[in-house]
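Have a look at the structure below before the remarks.
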Ligand SMILES: [Zn+2]
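In this note's numbering, the protein residues as written are 34 to 465.
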């Protein structure tokens, strides 16, 4: 029974629990670094031919925990189940590198400020409901930890991860709901153009969906002030304090983290509402199959050939990331089957240069870099993002037709079969 859904809640540890969890967070990070060093050492020793996995490292861990040496008390302090989970997570990190679809990079050593994460397997947990709004989970060696039950768990708990960001602790459960994908909802499909100027334009709508600014003007001003203060305090720490962080500097860092965490929550809130609405009310959702990593490459260039417009490009990259395109796609991929919809990622080439009236693609139809689309062939004019969303819908519709036709008569031609294979192989695509 595997977890098929995640549920995240705000946790409210007591001051003692907070202290213990913070300590464990650092222990888990230290263990990660130690285990990674060990794996790299073994690999170097055997000229890259041998590799250690968590099974062997868990045995080693038990040996170390039984060692009476006082200097490694910290390893004993961390619950065994959480420690083993750190090693298993490292296995997953290494497996991801081998997966060409994910383009994962090598696991890295974790810095002190990387945030605390502790995972516990279901066997060691117990969850109880206190009343309508509160519940608590029993964590080994910590006791009952209260959390705000903002929605029902809706399944069997398979794992639990405690994490901390700028706003405090959160508890996330991996839950097995056993939910089957819903039958097709029979609603008309749509194409969505995700952008920076216009957050999202749905082809069936006349106005764009705009993401409200993730920080208010006052908060942006405050963030700038805090960043400046942090820079000043860092300089002081380096020059006058031998690199030691003052309590005031720590406070500034915490204030920045809280502001950024709130910003992230607002972004996620908008994204969840947008993707749920798209999946719930459309038979299929066409999106552009974009490579965000390539789109957000820095313009920095090399020392020999420095790039141009570096600051402008990094501002654009920030704006792209502000709309979390990868997260939108991830959410659509799991929400579409839930609501009887389909996610159809289409080829993004020339979507904003194709005329929805006459169907001709011409770069000249986009004058300058504005948001205006003016067809040079038939004279049709509209907002560029809207025309793009209509073209995306058309491509998504054709994609659906290809699938239906080819699955009905697979022997019709190699080209049809190829499309189907490509669709099936495409990640995060639900083809009913
Ligand atoms: Zn035209």
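All residues carry an ideal CB built from backbone N, CA and C; glycine is no exception.
So what does DSSP say about residue i, is it helix, strand or coil?
i, result
"residue 237", "coil"
"residue 77", "helix"
"residue 48", "helix"
"residue 58", "helix"
"residue 159", "strand"
"residue 303", "helix"
"residue 372", "coil"
"residue 39", "strand"
"residue 190", "strand"
"residue 322", "coil"
"residue 339", "strand"
"residue 169", "strand"
"residue 378", "strand"
"residue 390", "coil"
"residue 385", "coil"
"residue 139", "coil"
"residue 205", "strand"
"residue 154", "strand"
"residue 225", "strand"
"residue 275", "coil"
"residue 178", "strand"
"residue 196", "strand"
Could you tell me how far apart the beta carbons of residue i and residue j are, in whole angstroms, since I believe they sit closer than 8 Å?
i, j, result
"residue 64", "residue 111", "7 Å"
"residue 199", "residue 290", "3 Å"
"residue 45", "residue 203", "At roughly 10 Å, the Cβ-Cβ gap does not stay under 8 Å, so residue 45 and residue 203 are not in contact."
"residue 365", "residue 312", "6 Å"
"residue 315", "residue 232", "The Cβ separation is near 17 Å, so there is no contact."
"residue 420", "residue 385", "7 Å"
"residue 62", "residue 147", "7 Å"
"residue 318", "residue 379", "About 11 Å; that fails the 8 Å criterion."
"residue 285", "residue 266", "6 Å"
"residue 173", "residue 87", "The pair is not a contact, with the Cβ atoms about 19 Å apart (cut-off 8 Å)."
"residue 429", "residue 377", "4 Å"
"residue 292", "residue 256", "5 Å"
"residue 118", "residue 154", "7 Å"
Applying the criterion that 16 or more other CB atoms from any shown protein chain within 10 Å of the CB defines a buried residue, is residue i buried or exposed?
i, result
"residue 142", "exposed"
"residue 424", "buried"
"residue 187", "exposed"
"residue 52", "exposed"
"residue 434", "exposed"
"residue 368", "buried"
"residue 107", "exposed"
"residue 134", "exposed"
"residue 261", "exposed"
"residue 247", "buried"
"residue 130", "exposed"
"residue 331", "exposed"
"residue 457", "Below a pLDDT of 50, predicted positions are generally treated as unreliable, and residue 457, at 41, falls in that range; no measurement from the model is reported."
"residue 304", "buried"
"residue 223", "buried"
"residue 167", "exposed"
"residue 258", "exposed"
Tell me which same chain residues have a C-beta within less than 7 Å of the C-beta of residue i, skipping the five on either side of it?
i, result
"residue 105", "97"
"residue 409", "395, 397, 398"
"residue 36", "191, 192, 207, 208, 209"
"residue 383", "394"
"residue 352", "229"
"residue 183", "42"
"residue 426", "222, 223, 224, 236, 319"
Keeping to the same chain, check which residues put their C-beta closer than 8 Å to that of residue i; ignore five residues upstream and five downstream.
i, result
"residue 301", "357, 360"
"residue 39", "205, 206, 207, 208"
"residue 281", "266"
"residue 50", "175, 176, 178"
I'd like the list of long-range same chain contacts for residue i, defined as Cβ closer than 6 Å, with 5 residues on each side in sequence excluded.
i, result
"residue 214", "370"
"residue 72", "85"
"residue 34", "209"
"residue 48", "none"
"residue 189", "209"
"residue 159", "171"
"residue 390", "411, 413"
Would a check of beta-carbon distances place residue i closer than 7 Å to chain D?
i, result
"residue 219", "Structure shown: chain D not included; a single protein chain is present."
* Asked: In chain order, what residues have a CB nearer than 5 Å to some heavy atom of ligand 1?
  -> 388, 390, 391, 408, 410, 411, 413
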